[in-house]
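Working notes for the structure below.
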Amino acid sequence: MQQHKHPMDATIMRLMQSQGLIKSEARSKLKREVYQLDPSQIQKVKRYAEHFGLNAQEKLIEEILELRRETLISQLSTSNQ
C-alpha cells in the first residue's frame, strides 16, 4: 500500500533533520510517532467504524494523524530553540 504524503510530513522531516537525524532515521521516527497506531487506538477506530461507517472511520484516522503531526511539530520546534 502506497502512503500518501501529507504536506506537514515534509516540515516534520526538515525539523528532525535540523536536529541531526539522517533522512532514514527521520522517516522511521515519523512512521513510529505519527502513523503507527497502538492496539487500543485500533480497537477504538474499529468500534467507531461499526457504528458510524467507513467514511467516519477514515475521518477519525485523519484527525488522529493530524493531532499527532501537530504535537510532533510542536515538540520539535520547542526543542530546536
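Quick note, the sequence shown lines up with residues 1 to 81 if you use full-length UniProt numbering. Heads up, the beta-carbon is just placed ideally off N, CA and C, and yes, glycines get one too.
Report the CB separation of residue i from residue j in whole angstroms; it is logged as a contact under 8 Å.
i   : j   : result
L76 : Q19 : 7 Å
Under a Cβ-count criterion, where at least 16 other Cβ atoms within 10 Å of its own Cβ denotes burial, should residue i be classed as buried or exposed?
i   : result
S74 : exposed
R47 : exposed
I42 : exposed
Q2  : Unreliable positioning characterises Q2 in this predicted model, as indicated by a pLDDT of 45, which lies under 50. The coordinate reading is nonetheless provided below. Exposed, because fewer than 16 other Cβ atoms sit within 10 Å of the Cβ of Q2.
L54 : exposed
Tell me which same chain residues have a C-beta within less than 7 Å of the C-beta of residue i, skipping the five on either side of it?
i   : result
R68 : E33, V34
Using C-beta distances below 6 Å, list every residue in its chain close to residue i, excluding the 5 sequence neighbours before and after it, in chain order.
i   : result
A49 : Q57
For residue i and residue j, what's the separation of their Cα atoms in angstroms?
i   : j   : result
K23 : R14 : 9 Å
D38 : S79 : 25 Å
I12 : S28 : 12 Å
Q36 : A10 : 18 Å
E25 : L72 : 15 Å
I64 : H6  : 13 Å
K31 : V45 : 19 Å
Excluding the 5 residues preceding and the 5 following residue i in the sequence, name in chain order all residues of the same chain whose CB lies nearer than 8 Å to its CB.
i   : result
L21 : K29
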